[in-house]
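**Q**
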């Protein structure tokens, strides 16, 4: 099938309160559902589509990644990305949902941010979906989220993150990026400054910029975001203190205290992305920023890393004024997170399956982490950021070395992640991030020799 060279029926609105990546994914889904895109149509590369739409490649890559996860598109070795769904005759939805993920289905994906989805107990998964489907239709919109889901998240936060949050203070979201978009649209005004980690999560940056917020980069070191470099005019600071993305560092206790003290003194919010927060290995986790200063911290979490991104279920715990502002935005715009994923998570929690799964994830990833770090360190490969999360960092001396290692890995059938793409500007730190959750343990074990050759120079 030749490359689809017609104009894609997708329009992006930079003034909308929805991230551009979300708009693009939504537009391509609709195009596949209505028949504008057919099964087998080859899509442009993320780079070519970004140029065509006038957006960054981060936007198109994020949209493709989400559609891969949902089963709308798939990659074929050496030939690109293809639509894999065929509209039903009624035009109401796709008939194919399960595909291989990744742009190239022959590549082993060892990149950060991927969950151990294969570890989900299939019987529990089916049981939760059946129970969710048996819920009778409701005339209520549940703008704040389904009550059972909010209660389940409050219990999860207490048991696994040590945060005491009343059910009434938990707001359901569609995930961390979606929550940031809602915050940007409801709490901040166009032109106001939000400080972000650099390097950091570029989807968060895009979500804030799409709402007209002025994003200012703040360097990160081994102790976390450098609090003294946060600009005085900042209305908020976005950070990932549990396991910084992508450097893998954990924000130190003194740095946490300094951040919340400055937030209180200057009246800005701290947006705490609890990325990989459930995954600690050798030491106990430090207290959440939300536990230290619930009056100035907005805590954000998601099931995408502990379960699967296909559920589209996350949460926000925020000070009352922020909670009310987001809820008011939903009332005015008619938006809300989908209840389907919330019902599944609620059922998993109600039966104890969620807690059992998290314990399995911790055990499995702890063993993978031990295997990976022991192999690399035995080969004199330096490793950072391995005391938490599901990825580690191999520091390098230069951008050229980073590009070389990435290409050498690709040549051997392994996709790794470099730091360069996580900077909003020129990269000041270089290295390779190695994720170890998104594949089987057998595949990871089989790639160890390749990693030693590639990362060991």
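Residue numbers (the UniProt record's numbering): 1 to 457.
C-beta: ideal position from N, C-alpha, C; glycine also.
Between the segment 280-291 and the segment 217-225, are three or more C-beta pairs nearer than 8 Å?
**A** The segment 280-291 is not in contact with the segment 217-225.
**Q** Beta-carbon separation of residue 376 and residue 455 under 8 Å?
**A** Result yes, Cβ atoms of residue 376 and residue 455 sit closer than 8 Å.
**Q** Just how far apart, CA to CA, sit residue 11 and residue 46?
**A** Taking the straight line joining both Cα atoms gives about 16 Å.
**Q** Starting from the C-beta of residue 208, find all residues in its chain whose C-beta is less than 7 Å away, skip the five residues before and the five after it, and write them out in chain order.
**A** Excluding positions up to five away in sequence, the list reads 180, 184, 194 and 215.
**Q** Given that a residue counts as buried once 16 or more other Cβ atoms are within 10 Å of its Cβ, and exposed if not, what is residue 343?
**A** Buried is the call here.
**Q** Quick check on the DSSP output: the beta strand (DSSP E) that includes residue 273 runs from which residue to which?
**A** Start and end: 269-273.
**Q** Can you grab the Cα-Cα spacing for the pair residue 99 / residue 41, in whole Å?
**A** Its pLDDT being 32, under 50, residue 99 is placed unreliably in this model, and the coordinates cannot settle the point.
**Q** Can you name the start and end residues of the beta strand (DSSP E) that residue 82 belongs to?
**A** Element bounds for residue 82: 80-83.
**Q** List the endpoints of the continuous beta strand (DSSP E) containing residue 195.
**A** From DSSP, the beta strand (DSSP E) with residue 195 extends over 193-198.
**Q** Three or more C-beta pairs closer than 8 Å, one from the segment 346-354 and one from the segment 151-171: is that the case here?
**A** Yes: at least three Cβ pairs fall under 8 Å.
**Q** In this structure, how does DSSP classify residue 219 when only helix, strand and coil are distinguished?
**A** Note: residue 219 maps to strand in three-state DSSP.
**Q** Which parts of the segment 233-305 are runs of the alpha helix (DSSP H), unbroken and 4 residues or longer, counting only runs that do not cross its ends?
**A** DSSP runs (the alpha helix (DSSP H)) wholly in the segment 233-305: 253-266 and 289-292.
**Q** If you scan the segment 405-447 from start to end, which runs of the beta strand (DSSP E) of 3 or more residues do you find wholly inside it?
**A** Listed in chain order, the complete beta strand (DSSP E) runs (minimum 3 residues) inside the segment 405-447 are 430-435.
**Q** Which first and last residues belong to the alpha helix (DSSP H) in which residue 326 is found?
**A** Its alpha helix (DSSP H) spans residues 320-333.
**Q** What three-state label does DSSP hand residue 129 in the structure shown?
**A** In the structure shown, residue 129 sits in a helix (DSSP, three-state: H, G or I).
**Q** Alpha carbon to alpha carbon, what distance is there between residue 298 and residue 236?
**A** Those two C-alpha atoms are separated by around 10 Å.
**Q** According to DSSP, is residue 145 part of a helix, a strand, or is it coil?
**A** Of the three classes helix, strand and coil, the one that applies to residue 145 here is coil, per DSSP.
**Q** What are the residues that DSSP puts in a beta bridge with residue 314?
**A** Bridge partners of residue 314: 173 and 302.
**Q** Under 8 Å: do the segment 403-423 and the segment 438-453 share three or more Cβ pairs, one atom per stretch?
**A** Because the criterion of three Cβ pairs below 8 Å is met, the segment 403-423 and the segment 438-453 touch.
**Q** What are the partner residues of residue 392, as DSSP defines its beta bridges?
**A** Note: residue 392 sits in a beta bridge opposite 434.
**Q** Residue 338 to residue 382, Cα distance in whole Å?
**A** When rounded, the distance between both Cα atoms is 43 Å.
**Q** Return the CA-CA distance between residue 314 and residue 171, expressed in angstroms with no decimal places.
**A** Looking at the two C-alpha atoms, the distance is approximately 9 Å.
**Q** With residue 389 and residue 248 assumed to form a contact (beta carbons below 8 Å), what rounded beta-carbon distance in angstroms separates them?
**A** With a Cβ gap of about 6 Å, residue 389 and residue 248 count as contacting.
**Q** Between which two residues does the alpha helix (DSSP H) holding residue 475 run?
**A** Any question about residue 475 goes unanswered here, given that the chain covers just 1 to 457.
**Q** Is there contact between the segment 237-244 and the segment 276-283, where contact requires at least three CB pairs shorter than 8 Å?
**A** Yes: at least three Cβ pairs fall under 8 Å.
**Q** Does the beta-carbon of residue 136 have 16 or more other beta-carbons within 10 angstroms, so that it is buried, or is it exposed?
**A** With fewer than 16 other Cβ atoms within 10 Å, it is exposed.
**Q** So, for residue 24: in the same chain, excluding its five sequence neighbours on each side, which residues have a beta-carbon less than 7 Å away from its beta-carbon?
**A** Cβ within range, chain order: 10, 12, 59, 60 and 63.
**Q** So residue 19 and residue 261 are in contact, right, with Cβ under 8 Å, and what is the actual spacing, rounded?
**A** No, residue 19 and residue 261 are not in contact; Cβ-Cβ is about 31 Å, not under 8 Å.
**Q** Select from 265, 110, 67 and 68 the residue whose C-alpha is nearest the C-alpha of residue 480.
**A** For the chain, the structure presents residues 1 to 457; residue 480 sits outside this window and is missing.
**Q** Mark residue 134 as exposed unless 16 or more other C-beta atoms lie within 10 angstroms of its C-beta, in which case mark it buried.
**A** So residue 134 ends up on the exposed side.
**Q** For the candidate residues 55, 43, 442 and 115, whose alpha-carbon lies nearest to that of residue 311?
**A** If we check each option's Cα against that of residue 311, 115 comes out closest.
**Q** Going by DSSP, which residues form a beta bridge with residue 224?
**A** For residue 224, which the question treats as bridged, DSSP gives the partners 221.
**Q** What's the C-alpha gap between residue 158 and residue 54?
**A** About 44 Å.
**Q** Output the boundary residues of the alpha helix (DSSP H) element that contains residue 110.
**A** No alpha helix (DSSP H) contains residue 110, which DSSP labels as neither H nor E.
**Q** DSSP three-state label for residue 350, please.
**A** Here residue 350 sits in helix by DSSP.
**Q** Tell me the rounded alpha-carbon separation between residue 94 and residue 387.
**A** Confidence is the limiting factor: at residue 94 the pLDDT is only 35, short of 50, which leaves the residue's position unreliable, though a coordinate-based value still follows. Between residue 94 and residue 387, the C-alpha separation is close to 42 Å.
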